[in-house]
Each structure stands twice: as C-alpha cells, then as structure tokens.
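Under the numbering used here, the letters of the sequence shown match residues 2 to 289, in that order. To keep things clear, I will list the structure first and then write my remarks on it.
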Amino acid sequence: MIYLNGKFMPIEQACIPVLDRGFIFGDGVYEVIPVYSRQPFRLPEHLTRLQHSLDGIRLKNPFGNDEWQQLLAQVIAQNNGEDQYLYLHITRGVAKRDHAFPANVPATVFIMSNPLLPPPAELLVSGAAAVTANDNRWMRCDVKAISLLPNVLLRQLAVDAHALETILIRDGFLTEGAASNIFIVKNNVLLAPPKSNLMLPGITYDVVLELAAANHITHEIRQVTETEVRTADEILLTSSTKEVMPVTLLDQQPVGNGKPGKVFMHLHTLYQEYKATHMRGFAPGASS
2 MIYLNGKFMP
12 IEQACIPVLD
22 RGFIFGDGVY
32 EVIPVYSRQP
42 FRLPEHLTRL
52 QHSLDGIRLK
62 NPFGNDEWQQ
72 LLAQVIAQNN
82 GEDQYLYLHI
92 TRGVAKRDHA
102 FPANVPATVF
112 IMSNPLLPPP
122 AELLVSGAAA
132 VTANDNRWMR
142 CDVKAISLLP
152 NVLLRQLAVD
162 AHALETILIR
172 DGFLTEGAAS
182 NIFIVKNNVL
192 LAPPKSNLML
202 PGITYDVVLE
212 LAAANHITHE
222 IRQVTETEVR
232 TADEILLTSS
242 TKEVMPVTLL
252 DQQPVGNGKP
262 GKVFMHLHTL
272 YQEYKATHMR
282 GFAPGASS
C-alpha cells in the first residue's frame, strides 16, 4: 500500500499525469527512512534533511513534522514487515511544460514502503568490492534530488565491474559513494570527509561519528586525499539501507590485508547496539 496525493492505494493502481514536473524535469526531492520494529529510525533527522532538500530547490514543504509523522505511521501500519524502508518523493507538481516555476500548483507527494533486508552476512564477513571514478555530478550534492542520472551512471560502473559501490573522487579528494557515504581508516584513525555541497549529509554518517566520539574511537573530519583512499588500512561505506559495511577490494586491489578491519568490526557492533537502544530512547553509546 502506497500513499499518493492524499490517498492510500495498492501501488499497481497509482499513476501520475505525464506533465508532472518530476517526470518531465526531475524537479523534486526524495528521502529514505529505515524502519526497525515498525519505528522510523532517527525520524527528526530525516525530516530535517528533507527540509534542507526542499529549501535547496525552493519548494514549500507540503506537511509539518507532526503531519509527516502521522502519515508515515499510517504507511508503516498498512504494510507487512517489522523492518521496512520508506521512500518519500515530492515534486513541484503538474503544470504546462515550462522551465520556470508554476504558480499555485500543489506538490505531488508519493510514499511507498519496501522490505528492509539486513546487509548480506557474507559481505560483512568478507567485505565488498568497490571501484573509483571521477565525481562528475552537479555542485549541489547535498540536495537529495530525484534527478539521479549521474549517480545511476556512476553506480552502473560498479555493477559492470561486479562490485557493490563506486567511490567518487573530485579534484583529488574523496567525496562519497554513488549511493553511500565513505569513511577510511589510516593508522588507526577513522577519517571522514567534511559535509559540504559536494556530498549528501548522511544520517548513518552522523551516527557513525557520534558512536566514534562516544566510544573513544580516534577520528578526524577533514578532506581525505585520493592517495589516502588508495592506501587506506580500511574503507567503510554507510547508508540507511546498507548500514555500515566494509570494503576490502578497491579497483581489484586489496584494501589493507583484504579483510574487514578492527575499526569496522567495532563500529558495526556499536551500530547494531545503537539500533536496538535507539528504539528504547537511549542516547548514542549508552550501551557501551
């Protein structure tokens, strides 16, 4: 069951006009929210990021936070599974094809739920493969825009190489993955590229840094060079659906000793504990 413009319906019955600006121009934003035990994970942070994206494209938020919370709870309740992920899709609505913003047009709001599956156990044990590519996307990667063709093409490079992710380099520095945030470990220090317009401010990225701080894991937030990526002792990728995963093969070369490292294993354990305690209202690191 999905939500579309005020109505709940089976997804097979959902349709939009061909002049929706999301279809014509990719004029809209989206958000992905994991749900554990039927509870949205860090919902205020996700709604804050949604607002940032809407502000970035100058589109008024169709709902307040309380309304979003009630609406998302209804979507969760009408779908099976204790663990789900919600996809929110908001466009500038339906109007005559013209690049200029239309006046007084209601936004299109679409929400669907999909099963949230845990990362494959074998990848947590052996690690994932990744490739690198030049980050040729636009300059507002902090906006979670639905016009994702550059990300699609970059992610396909990984698929073509039988890898999980494409790690992006811009002007000699790490930005992020095609569909994830990227951390590296060098000399027992967890390194994270700083938030900027060149990367999406990941919710899981924030959790990892909070857990690192709360559990005395040495870390730095700074620009990470391409050389540091290629000579890293560990590489980690994070996202709402992949959680925290190790990368052990980069451009067909082993990362470190080619196995998931101790920093990943520590953070993965802390993240799983945090997921459980978060739903009971505890603070990051409270269980350690």
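Beta carbons: idealized from backbone N, C-alpha and C, even for Gly.
Would you kindly work out how many angstroms separate the C-alpha atoms of residue i and residue j, rounded to a whole number?
i	j	result
PRO255	PHE265	16 Å
SER288	ALA215	At SER288 the pLDDT is 37, less than 50, meaning the model places this residue with poor confidence and gives no usable figure here.
LEU72	THR109	15 Å
ALA134	PRO121	25 Å
ASN188	TYR37	34 Å
LYS276	ALA78	20 Å
LEU251	PRO35	28 Å
THR226	PHE111	39 Å
THR242	LEU117	7 Å
GLN75	PRO18	25 Å
GLU32	THR49	10 Å
CYS142	ILE25	21 Å
ARG231	THR219	20 Å
Tell me whether residue i sits in a helix, a strand or coil according to DSSP, three-state version.
i	result
SER38	coil
MET113	strand
ASP161	helix
GLN254	strand
PRO218	Per the sequence shown, the amino acid found at residue 218 is Ile instead of Pro. Three-state DSSP puts ILE218 in coil, outside helix and strand.
GLU244	strand
ARG59	coil
ASP21	strand
VAL190	strand
ASN66	helix
THR270	helix
SER288	Residue placement at SER288 is flagged as unreliable, the pLDDT there being 37, under the threshold of 50; the coordinate-derived value follows with that caveat. Reduced to three states, the DSSP call for SER288 is coil.
Looking at C-alpha atoms only, which residue of the options is the closest neighbour of residue i?
i	options	result
ALA15	HIS220, ASP172, LEU5	LEU5
ASP56	GLN273, ILE170, VAL30	VAL30
GLY82	ILE236, ILE25, MET2, THR176	MET2
VAL126	ARG22, LYS260, VAL160	LYS260
GLN70	LYS61, LEU87, ARG59	LEU87
ARG223	THR249, HIS217, VAL190	VAL190
LYS196	LEU175, ALA213, ALA104, ALA179	LEU175
VAL208	ASN80, PRO247, GLU46, VAL95	GLU46
LEU124	LYS263, THR249, MET280, GLU32	THR249
ASN115	VAL245, PRO11, GLY7, TYR272	PRO11
VAL132	ASP161, THR92, PRO119	ASP161
May I ask whether a heavy atom of the ligand PLP can be found less than 7 Å away from the beta carbon of residue i?
i	result
ILE91	Ligands in the displayed structure: none, and consequently the ligand PLP is not present.
Review point. Are three or more beta carbon pairs between the region 154-161 and the region 193-209 nearer than 8 Å?
Key: no
Practice item. Let me know the beta strand (DSSP E) ranges lying completely inside the region 88-153, each 3 residues or longer, listed in chain order. Key: 109-116, 129-135
Review point. Counting pairs of Cβ atoms below 8 Å between the region 233-252 and the region 179-194, do you hit three or more?
Key: yes
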